[in-house]
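In the numbering used here, the protein residues as written are -17 to 120.
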């Protein structure tokens, strides 16, 4: 069950100001793991289309990264988090990956991604929306 919503005073304060920034991190780890009908070219097109969508339609500040091994993935998340300030109202992380046979590219979604954005570990975004979109081959 949901808790009580914001008071009318809080709602007025939220509605009365313009939306702050929404930051997005798009990670495409499918560029070098292509096969079948899904090629590196189509993976690159997907990344470009998503970047355009988030920038143009939703006015997000977008960062893109590709082909990140485990260490690079961790660094990309830390660098992304360093860009947040009090003007940031929400964040979106999109991960496209197919690393079934590549141990250096496999991540645990809970510990390597979602937990890093918890209110306890990421105070700059405490109480603010964090959206995760994950397209992963199993």
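Yeah, the Cβ is synthetic: ideal placement off N, Cα and C, and Gly gets one too.
This structure is a prediction, so every number in the text was calculated from the model and none was measured.
| Asked | Found |
| --- | --- |
| As assigned by DSSP and simplified to three states, the class of residue 18 | With a pLDDT of only 48 at residue 18, under 50, the local geometry of the prediction cannot be trusted, and the value read off the model is given with reservation. In this structure, residue 18 counts as coil in the three-state DSSP scheme. |
| C-beta contact flag for residue 53 and residue 2 at 8 Å | no |
| When 73, 62, 43 are compared against residue 108, the one with the closest alpha-carbon | 73 |
| Whole-Å CB distance - residue 75 paired with residue 95, under 8 Å assumed | 7 Å |
| Residue 31 versus residue 39: straight-line alpha-carbon distance, rounded | 11 Å |
| Residue 7 vs residue 45 beta-carbon contact at 8 Å | yes |
| Environment of residue 101 [buried if 16+ CB atoms lie within 10 Å] | exposed |
| Nearest neighbour of residue 27, chosen from 51, 41, 9, 43 [CA to CA] | 9 |
| Among 56, 68, 67, nearest to residue 97 - alpha-carbon criterion | 56 |
| DSSP-derived helix/strand/coil call for residue 40 | coil |
| Bridge partners - residue 92, DSSP secondary structure assignment | Paired residue(s): none; residue 92 is not in a bridge. |
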